[in-house]
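Just so you know, we're using the working numbering here: the sequence shown kicks off at 687 and counts up by one. Don't be surprised by glycine CBs; every beta carbon is placed ideally from N, CA and C. Below is one structure, written out as structure tokens, with a few remarks after it.
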Amino acid sequence: MCTISWLYDHNGYHIFFNRDEQRTREKAQQPKVHNVAGCKAIYPVDAKAGGTWIAANEYGLSFALLNYYQAPIDTDAKHSRGLIIPSLLPAKNVVEAHDILKRVNLKGFGPFSLLCFSPQAAGGEKFSDANRRVPLLRWNGIKLEKVMQTSPLISSAVDYENVNAVRSELYRNIFREKTALQPMDFYRYHATHTPARGHLSVCMHREDARTVSFSHVAVGHHVVAFTYLDSAPCCSVSDGVEQGRNLNTATLIRKAVAEPSFA
């Protein structure tokens, strides 16, 4: 139950993530800088399992994980999927992260989709690109697959086909004609209630679950910044960005590294 979108430009990339959870779930800890096996990384921590769903390290590499509800439910899964990302954070590039993940025994984890973002994919002729394909590693409960994914990626345990269709169409309608995209365009997308405030909207509201937080990871030439809103973005994300309220931001100095191509 999440929606993630992204934007690449000449300076680096941006990730925008709505986290949807049960209303009974405890609030996550705010993002801060952690030291993972000698590598600095920024991420929030889930209060229930101690893992995370989104993180960025000092090499400019970012990961975002969504549950993959279209795969059969693994009743034997005993490990939290939130533990996957922390295990990858020492990686300096996407290829290295993939190699680490291939060595993990995933049989104990429920199905998931893991997006991998790299600053080496930035640049190019277009100033901004909301359709850049990024590596996706998907565990379907049986095998680990790798594909290239375009923005957005949507996850929902309820009425997935309709949810995906509505949110994807809205994304295309908003960004199809724009040539100079800005992060604020994505903030507004993630705060929208189109077609109505409910399970179909990007900012999701159901009786049992809702969008509980919004994350914006910005990776530039020299700095990695993680901006976090600990509430539904429809409530305050636009005001928070425009007027500097309600948002928590943590930063890292980025280290430059070379990266082999992901294949």
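Exposure of residue i, with buried meaning 16 or more beta-carbon neighbours within 10 Å
{"i": "residue 870", "result": "exposed"}
{"i": "residue 692", "result": "buried"}
{"i": "residue 730", "result": "buried"}
{"i": "residue 794", "result": "exposed"}
{"i": "residue 833", "result": "exposed"}
{"i": "residue 863", "result": "exposed"}
{"i": "residue 896", "result": "buried"}
{"i": "residue 818", "result": "buried"}
{"i": "residue 724", "result": "exposed"}
{"i": "residue 884", "result": "exposed"}
{"i": "residue 877", "result": "buried"}
Whole-angstrom distance between residue j and residue i, CA atom to CA atom
{"i": "residue 908", "j": "residue 941", "result": "7 Å"}
{"i": "residue 813", "j": "residue 782", "result": "Because residue 813 carries a pLDDT of 45, less than 50, the predicted location of this residue cannot be relied on, and the following value inherits that uncertainty. Straight-line Cα distance between these residues: approximately 28 Å."}
{"i": "residue 705", "j": "residue 775", "result": "20 Å"}
{"i": "residue 806", "j": "residue 789", "result": "24 Å"}
{"i": "residue 697", "j": "residue 762", "result": "44 Å"}
{"i": "residue 887", "j": "residue 900", "result": "14 Å"}
{"i": "residue 853", "j": "residue 767", "result": "24 Å"}
{"i": "residue 792", "j": "residue 824", "result": "11 Å"}
{"i": "residue 903", "j": "residue 943", "result": "19 Å"}
{"i": "residue 910", "j": "residue 753", "result": "25 Å"}
{"i": "residue 933", "j": "residue 915", "result": "5 Å"}
{"i": "residue 921", "j": "residue 769", "result": "30 Å"}
{"i": "residue 894", "j": "residue 839", "result": "22 Å"}
{"i": "residue 744", "j": "residue 880", "result": "36 Å"}
Endpoints, beta strand (DSSP E) assigned at residue i
{"i": "residue 701", "result": "699 to 708"}
{"i": "residue 730", "result": "725 to 731"}
{"i": "residue 824", "result": "820 to 825"}
{"i": "residue 840", "result": "839 to 841"}
Three-state class that DSSP yields for residue i in the structure shown
{"i": "residue 774", "result": "helix"}
{"i": "residue 793", "result": "helix"}
{"i": "residue 889", "result": "coil"}
{"i": "residue 901", "result": "strand"}
{"i": "residue 696", "result": "coil"}
{"i": "residue 831", "result": "strand"}
{"i": "residue 798", "result": "strand"}
{"i": "residue 908", "result": "coil"}
{"i": "residue 750", "result": "strand"}
{"i": "residue 715", "result": "strand"}
{"i": "residue 720", "result": "strand"}
{"i": "residue 765", "result": "strand"}
Bridge-paired residues (DSSP) for residue i
{"i": "residue 739", "result": "Its beta-bridge partners do not exist; DSSP assigns none."}
{"i": "residue 914", "result": "901 and 934"}
{"i": "residue 689", "result": "704 and 840"}
Residue range of the alpha helix (DSSP H) that includes residue i
{"i": "residue 786", "result": "780 to 788"}
{"i": "residue 846", "result": "846 to 861"}
{"i": "residue 879", "result": "Counting along the chain, residue 879 falls outside any alpha helix (DSSP H), and DSSP gives it neither H nor E."}
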